[in-house]
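Below: the structure, in structure tokens.
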Amino acid sequence: MHSKLLMLALVCCFAAASAQAQQDTRAVNVRPTGSSGLQPLASAAPSGNAGLFVGVNEFTKDRGIDALNFAVHDAIELAFLFVVELKLFPPENCVVLISGKPAENAAVIQQHQQQLQQLGVRFGPADRNEILTTFIDLTAIATVNSELLVCAFSSHGFNEDKIAYVMPQDGSRKLLRATAVPVDDLETSMTGSKAGHRLFFVDACQERIPAKGNMPVGPGASQLLIDALLKPTGQAKLVSCSPNQFSFENGALGGVGHGVFTWHVLEALRGSAQADSQNFIRLGAV
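Written out as structure tokens, the structure reads:
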């Protein structure tokens, strides 16, 4: 995980909620509170902040796509971080779309899912239509520039005919154009939001490698996917690997298992990223 990516995530996520950070959108006051957890950034989340978190373990229409083990964990824990720990999103403005369930031995993930549901966070299936229609709805929530929009994907990523896709639960590699989610479509919808702080996580580079010992196959993350995400669209984008690299899962992370990229994003946003003498993480200092 590259430190520049972590710092960029911190800048974008915290600037929308911290009054001090709003005065300097390149800085964030991290304010860790130790083992008791993070100190929320606000007493109540801004009403226009919104987030979509997608985690796909099981691919129901294409048995040839390797199942993942911890993409669901990634989606639930990111949502829990933003809604509960940081209080950046009102629960009603947060949607978690998943395929599969938390692991049986992951009691903390199960508890966090139950807590999010009790608070009013909507859970649904991670199919293509649900992802696209839900995201369009969430992009319309923000009304002012100071608000925050986050979209996070944990899945597989593929490309075809110069188009990059992330894979929903009902996606098929043989019918990518008809069944997968084009990265450009997500970016276009996101750019249309009035939120001035927009963050796009992609732990879905080509052939994300499951944790059960599968060896990497194929060329790794495609240049096409990276190029699609490098287009200047006005939002900060964090990608799990560079071209020809792979994204991995690790069953030991957090004691429950996560994608390696998402786990380090979670840890950074929980306070592990290094701050300067003023307790700020600054983009220019990275």
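Residue 368, in my numbering, is where the sequence shown stops; the numbers in between run on with no holes. Heads up, the beta-carbon is just placed ideally off N, CA and C, and yes, glycines get one too.
Element boundaries [alpha helix (DSSP H), containing residue 211]: Judged by DSSP secondary structure, residue 211 falls within the alpha helix (DSSP H) whose first and last residues are 210 to 221.
Taking contact to mean at least 3 C-beta pairs separated by less than 8 Å, is the segment 213 to 232 in contact with the segment 266 to 280? Note that the segment 213 to 232 touches the segment 266 to 280; at least 3 beta-carbon pairs, one per stretch, sit closer than 8 Å.
From residue 175 to residue 280, what distance separates their C-alpha atoms? Using only the alpha carbons, I get a separation of about 15 Å.
How long is the line joining the alpha carbons of residue 315 and residue 221, rounded to whole angstroms? For residue 315, the pLDDT reaches just 46, beneath the cut-off of 50, and the residue's location in the model is therefore unreliable, although a value from the coordinates is still provided. Cα-Cα distance, rounded: 15 Å.
Can you tell me which residues form a DSSP beta bridge with residue 181? DSSP lists 138 as partners of residue 181.
To the nearest angstrom, how far is it from the Cα of residue 219 to the Cα of residue 341? The alpha-carbon atoms of residue 219 and residue 341 are separated by roughly 27 Å.
Excluding five sequence neighbours on each side, which residues of the same chain lie with their C-beta closer than 7 Å to the C-beta of residue 213? Excluding residues within five positions, the ones whose Cβ falls inside 7 Å are 136, 179, 250 and 263.
For residue 210, does the count of other Cβ atoms within 10 angstroms reach 16, so buried, or fall short, so exposed? By the neighbour-count rule (16 or more Cβ atoms within 10 Å), residue 210 is buried.
On the criterion of 16 or more Cβ atoms from any shown chain inside 10 Å, does residue 130 qualify as buried, or is it exposed? Result: buried.
Whole-Å CB distance - residue 339 paired with residue 152, under 8 Å assumed: Indeed they touch by this definition, with Cβ atoms about 4 Å apart.
Compare the beta carbon distance of residue 165 and residue 203 with 8 Å and say whether it is the shorter of the two. Cβ atoms of residue 165 and residue 203: closer than 8 Å.
Where are the alpha helix (DSSP H) runs, 4 residues long or more, that stay fully inside the segment 148 to 182, in chain order? The qualifying runs are 153 to 162.
Cut-off 7 Å between Cβ atoms - residues of its own chain near residue 232, not counting five sequence neighbours on either side: If we look at residue 232 and ignore the five residues flanking it on each side, its Cβ neighbours are 133, 164 and 281.
Between the Cα of residue 138 and the Cα atoms of 145, 127 and 150, which residue gives the shortest distance? Among 145, 127 and 150, the Cα nearest to that of residue 138 is on 150.
In terms of DSSP beta bridges, what is residue 245 paired with? BP columns for residue 245 point to 242.
Please report the straight-line C-alpha distance between residue 158 and residue 193, rounded to a whole angstrom. The straight-line gap from Cα to Cα measures roughly 10 Å.
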